[in-house]
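Undergrad: Before anything else, here's the structure in question.
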Amino acid sequence: MNMHGGSPTSLDEAGLIKRVCSGDVNAFELLCTRLEGPLYGYAYGMVRNSHEAEDIVQESLFRLYQAMRARKLRPGGSTRSFLFAIAHNLAADNRRRARPSVPLEDSFLAQHNGATESSLLREQLNRALADLPANHRSALMLREFGDLQYAEIAETLGASLDEVKVWIHRGRKRLATLLDRDGQYLGKNVHEL
Amino acid sequence: MNCNDANLSAYLDQELPAPDRRAVEAHLRACPDCAATLKDLERVRTMLLTQAIPMGLHGPVIDRIRKEESTPSQKFRTYAIAVAMIAVAAIAGYAAFRHFNAPMSGPPESHAPIVAIDRDNSRGLDQTVIAQNDTTLDGTPVAAPPTALPETSLPLTLTGTLLGGDPQAVLKNNDTGEQHIYRPGDSVLDEVILQDVQQTRIILSNRGDLEVLTKGPGVIASRPRLDGRWQLAVLVDDKVVDYGDTLTFEETGGIVRVTDSNRDDFGEARLDGNILVVTRIEGGDEIGALRGTFNNAFTEVVMSSPELSASLASDMSLPDPENHSYAVKLSRIDENSPNQDPRAILQARLDEVRAMYEPLRDYAKAHNGQFPSALSLLIPDYTASTDLYASRDDRVVTYVSGQALPQTRSFPGIPGCSNSPDPGQALLAHEAELQQLWGGPAPFVPNLIEVAYRDPDQIVTLSAQGSTSSRSMMAEFEALATDATAVAAQWSAMIASDQNNLKQLGLVNKMFANENCEYTMPGFCTVYPEYLSDTNVLTSPWHEAGILSYEILFRAMTEEDLEAMAVDYLAAQGEVDFNDPALRARAQSMVPLMYNIEDIPAVGGKPATRNVLFLDGHVERMSISDFDERVGPFLR
């Protein structure tokens with residue numbers, strides 16, 4: 042079977058971006074379906090509240106569209122890292138407005154116990170994430186949900202490559218000590234063995 | 100490398116350059132602590148990746164964009180369209196979206212699980228609901244998947260599954276509220292054992308009776324990431340008849356980028372529930388819309404389409420395309436058992452045989468170029484034991500004694516092209532001299548060692564010059580003679596191998612011409628070993644080793660002369676347009692340069708053929724009548 046030569050169809054990410062830049066909303070919708078999942082994962086990991094995470098996702102996507110239409114995207118730059126940079130900044134703003142994030146979600150979950158059976162595991166993870174330093178959490182979330190390369194994460198966070206490498210490692214390692222094998226949160230005072 | 104190094108995470112993320120990666124791998128083998136840390140890091144990653152990912156969040160964004168982009172003049176039109184569309188959208192909105200998502204033609208899939216947000220359920224965390232839709236898009240009911248097993252009445256809730264190499268299920272005990280992760284074989288309650296984890300349900304053995312526990316609405320549905328290497332195989336009537344390339348998947352938010360074994364772009368696919376939808380195949384336009392449903396563990400997907408069948412039938416010369424079902428299968432390569440991959444097996448075998456050369460060469464260098472008369476003479480000066488050469492259950496090693504290191508004379512090149520009165524003649528004279536030295540038209544180096552491997556059957560040879568090569572066993576091919584499909588598959592593999600030989604010879608010729616005043620090679624002896632290092636490419640798979648299978652048509656001529664000749668030929672046919680900018684390329688593509696000396700024999704109802712290499716480097720297989728028509732005029 043011939044698998045080489047020929048031109049790619051226009052529905053790869055680059056093709057979609059081109060279409061969006063010329064105002065194709067359908068193309069943007071398709072692009073959104075590809076980006077929103079990872080973006081939500083990232084935003085949720087940062088703010089640990091599903092309302093806020095949804096808001097961040099929607100605001101980031103909207104700003105991405107505006108930037109694309111205004112052709113403000115840096116040529117050659119990654120759309121994905123641009124989008125996550127917006128989300129990162131929105132999440133940081135959110136944090137500055139300072140709300141105790143964990144209890145809100147907990148009480149909310151308690152009211153909806155029947156509908157959110159898997160919330161326990163999520164909640165455990167949630168608590169553990171709250172214990173990570175912000176840099177470590179950001180870098181790790183960008184890696185796991187954004188699927189960004191270390192270099193892109195460094196650019197997004199305005200950090201050096203070495204810093205990113207260390208943050209991701211420390212973040213993961215801390216989570217590994219905070220959560221046992223079954224995903225149970227062991228408490229803030231656990232120290233690395 | 101010291102312990103506690105951040106390199107472990109970078110290693111997990113495939114962010115390390117090759118030397119560092121190897122250092123980490125070496126360290127991991129030696130340091131159980133770091134190996135355990137790596138396991139912990141992987142566990143954390145798995146936990147994060149099993150989180151629910153909601154879909155459809157962009158809906159309000161798109162509404163907002165559409166609203167803002169509607170200028171007053173557009174508004175009426177938009178409104179009119181909107182009225183018309185709302186009615187349609189109410190019924191088929193999702194279908195339309197899916198159609199947009201799957202731009203290639205093909206029948207609409209009917210069994211796709213629909214991922215939707217359970218918005219009314221809650222504004223809570225777990226918004227992904229995976230439900231098997233029970234009707235097709237046109238409303239026809241779809242047969243429900245067979246669920247012969249009864250739903251369990253145990254006080255358990257399935258809150259998540261993780262599939263892949265290490266399947267896991269997250270179960271909550273409704274009585275105690277405790278939640279734990281279980282693996283198949285684990286005891287969940289007294290006399291209740293987890294038997295199997297599937298994507299949306301698990302199988303429990305409750306006091307010996309099998310029962311099903313299905314995920315409720317509003318729970319996390321998860322699957323393993325598809326990242327990793329996948330083996331492409333061609334199926335005819337559900338049987339593997341050929342293996343293709345090893346592909347690498349890189350998954351980003353449900354989009355899978357596919358690269359081939361050279362890490363070149365191969366295409367892109369999209370994941371729709373457990374359905375892989377191929378959205379692009381590099382250069383594979385004729386294959387049509389391809390999609391396939393993953394197995395429960397997401398380790399295998401089979402895809403087919405009418406276009407693919409037609410393409411496979413013609414490319415692989417398989418018989419009766421109408422009466423057989425064709426498909427391609429992608430199977431995840433388990434990196435822990437690389438033996439699954441036929442290429443890895445072959446590579447390991449070639450390496451194994453290559454390692455046999457060094458002691459033999461060292462011996463020959465110390466003994467006037469003569470290889471030992473028996474392998475035991477290598478002990479103890481050149482190797483500690485002959486285990487390296489031993490026959491085993493899976494291989495038979497044959498050593499050919501009485502040979503010497505091959506003598507080569509390197510080609511001095513044409514001294515200053517413009518100064519030489521007749522470079523073509525000088526080249527031919529040099530070739531004639533070398534042919535005398537080699538005793539024939541090809542610089543065959545005799546084989547020192549032949550290793551016949553079992554399962555899969557292959558013969559790997561080691562030449563006196565140290566090169567290794569492999570071929571499938573001819574005997575095996577003949578034994579297959581009763582199975583038409585298998586014969587055809589083997590035959591097409593041999594055709595491909597023959598064409599590959601000619602392509603390599605085409606490259607040899609190009610390299611030679613580039614460095615020698617654009618003259619074609621004068622023969623096979625001149626180009627050895629500077630341009631042609633592996634003389635095995637001189638033998639087609641139909642011939643025994645050491646037989647020259649190809650003829651060169653135009654020796655020691657310039658490309659310019661050959662092009663002029665082709666143009667003259669076209670002119671004589673009245674088919675030439677001298678203003679055509681592509682004339683030169685056209686001429687190059689029609690001048691035959693090398694071809695099979697003998698016809699490739701007819702087999703399985705296929706007529707005899709020949710492969711021909713053209714001046715521009717392309718290789719074509721043609722029937723004998725085509726050969727006479729297209730190559731014949733140049734022979735005369």
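Each protein sequence line maps, in turn, to chains A and B. Going by the working numbering, the first residue of the first sequence is number 42, and it counts up by one from there. Going by the working numbering, the first residue of the second sequence is number 100, and it counts up by one from there. Ideal Cβ positions, reconstructed from N, Cα and C, are used throughout, including at glycine. It should be emphasised that the depicted structure is a prediction, and the values quoted were computed from it without experimental measurement.
Return the residue from the list B/V291, B/R431, B/R300 that minimises the CA-CA distance to B/L257.
TA: The residue with the shortest Cα to Cα distance from B/L257 is B/R300.
Undergrad: Which residues of the region 99–131 of chain A have a Cβ closer than 7 Å to any Cβ of chain B? Give them in chain order.
TA: Listed by position, the residues of the region 99–131 of chain A near chain B (Cβ gap below 7 Å) are Q99, L102, F103, Y106.
Undergrad: 8 Å is my cut-off, CB to CB: does B/T351 come that close to chain A?
TA: Yes, B/T351 lies at the interface with chain A (some Cβ there is under 8 Å from its Cβ).
Undergrad: With DSSP collapsed to three states, give me the class of A/I127.
TA: Helix, per DSSP.
Undergrad: Give the DSSP-derived three-state secondary structure of B/W590 in the structure shown.
TA: Looking at B/W590 - three-state DSSP - the assignment turns out to be helix.
Undergrad: Taking the beta carbon of A/K214 as the centre, do at least 16 other beta carbons fall within 10 Å, making it buried, or is it exposed?
TA: Answer is buried; the Cβ neighbour count reaches 16.
Undergrad: What's the C-alpha gap between B/P545 and B/N635?
TA: If you take the alpha carbons of B/P545 and B/N635, they lie about 10 Å apart.
Undergrad: Could you tell me if B/I594 is buried or exposed, where buried requires 16 or more neighbouring beta carbons within 10 angstroms of its beta carbon?
TA: So B/I594 ends up on the buried side.
Undergrad: Based on Cα-Cα distance, which residue from B/L137, B/R553, B/A503 lies nearest to B/L547?
TA: If we check each option's Cα against that of B/L547, B/A503 comes out closest.
Undergrad: Which residue comes first and which comes last in the alpha helix (DSSP H) that contains B/S722?
TA: Counting along the chain, B/S722 falls outside any alpha helix (DSSP H), though it belongs to the beta strand (DSSP E) covering 718–722.
Undergrad: Suppose only complete runs of 4+ residues qualify. What are the alpha helix (DSSP H) ranges in the region 424–489 of chain B, listed by chain order?
TA: Within the region 424–489 of chain B, the complete alpha helix (DSSP H) runs of at least 4 residues are 441–453, 456–465.
Undergrad: Would you kindly report the start and end of the unbroken beta strand (DSSP E) that includes B/F348?
TA: Taken as a continuous stretch (DSSP letters only), the beta strand (DSSP E) holding B/F348 covers 338–351.
Undergrad: Taking the alpha-carbon positions, what's the B/D363 to B/Q598 distance?
TA: Looking at the two C-alpha atoms, the distance is approximately 22 Å.
Undergrad: Any contact of the region 122–140 of chain A with the region 82–97 of chain A, i.e. 3+ C-beta pairs under 8 Å?
TA: The region 122–140 of chain A, when compared against the region 82–97 of chain A, does touch it at the 8 Å Cβ threshold.
Undergrad: Name the chain A residues whose beta carbon is nearer than 8 Å to that of B/E114?
TA: Ordered by position in chain A, the residues that pass the 8 Å Cβ test against B/E114 are Q190, Y191, K206.
Undergrad: Just to confirm the assignment, what range does the beta strand (DSSP E) spanning B/Y281 have?
TA: Segment 278–281, the beta strand (DSSP E) holding B/Y281.
Undergrad: Counting only C-beta atoms, is A/A217 closer than 8 Å to chain B at any point?
TA: Closer than 8 Å to some Cβ of chain B, the Cβ of A/A217 qualifies, so yes.
Undergrad: Is there a Cβ of chain A sitting closer than 8 Å to that of B/M146, yes or no?
TA: It does: the Cβ of B/M146 has a partner Cβ on chain A nearer than 8 Å.
Undergrad: According to DSSP, simplified to helix, strand and coil, what is B/V376?
TA: Looking at B/V376 - three-state DSSP - the assignment turns out to be strand.
Undergrad: Pick from B/F623, B/D104, B/D295, B/S252: whose alpha carbon is nearest that of B/G538?
TA: Minimum Cα distance to B/G538 is reached at B/F623.
Undergrad: Out of curiosity, what's the CA-to-CA distance linking B/L111 and B/V666?
TA: Taking the straight line from one Cα to the other gives about 59 Å.
Undergrad: I need the DSSP call for B/F653, collapsed to helix, strand or coil.
TA: Three-state result, B/F653: coil.
Undergrad: Thinking just about the alpha-carbon of each residue, which of A/E185, A/Q165, A/L202, A/L227 is nearest to the one in B/L140?
TA: Ranking the options by Cα distance to B/L140, first place goes to A/E185.
Undergrad: Can you check whether the CB of A/L216 is closer than 8 Å to the CB of A/V205?
TA: Contact flag unset, no.
Undergrad: Specify the secondary structure class of B/G192 as computed by DSSP and reduced to three states.
TA: Note that B/G192 scores 32 on pLDDT, short of 50, meaning its location in the model is unreliable and no value can be drawn from it.
Undergrad: How many angstroms separate the CA atom of A/V66 from the CA atom of B/G387?
TA: Near 26 Å, if we compare the C-alpha coordinates of B/G387 and A/V66.
Undergrad: Helix, strand or coil for B/T634? Go by DSSP, reduced to three states.
TA: Here B/T634 sits in helix by DSSP.
Undergrad: Residues of chain A with CB closer than 8 Å to the CB of B/R163, please, in chain order.
TA: Under the 8 Å cutoff, chain A gives F103.
Undergrad: Name, please, each residue of chain B whose Cβ falls closer than 7 Å to the Cβ of A/D223.
TA: What A/D223 touches in chain B: H279, I280.
Undergrad: Return no unless some Cβ of chain B is closer than 8 Å to the Cβ of A/K214.
TA: True, the Cβ-Cβ gap to chain B drops below 8 Å.
Undergrad: DSSP has A/W208 in a bridge; who is on the other side?
TA: DSSP lists no partner for A/W208.
Undergrad: Got a sec: is the Cβ-Cβ distance from A/V88 to anything in chain B below 8 Å?
TA: No, A/V88 does not count as interfacial toward chain B.
Undergrad: Would you mind reading off the limits of the beta strand (DSSP E) that contains B/Y110?
TA: Segment 106–111 is the alpha helix (DSSP H) holding B/Y110; no beta strand (DSSP E) there.
Undergrad: Report the rounded CA-to-CA distance for B/G87 versus B/I354, giving the unit in angstroms.
TA: In the structure as shown, chain B starts at 100 and stops at 735, and residue 87 of chain B therefore has no counterpart that could be examined.
Undergrad: Using 7 Å as the cut-off, classify the Cβ of A/S122 as near or not near the heavy atoms of the ligand ADP, replying yes or no.
TA: This structure does not include the ligand ADP; it has no bound ligands of any sort.
Undergrad: In or out: B/H529 buried (at least 16 other Cβ within 10 Å) or exposed?
TA: B/H529 is buried by the Cβ-count criterion.
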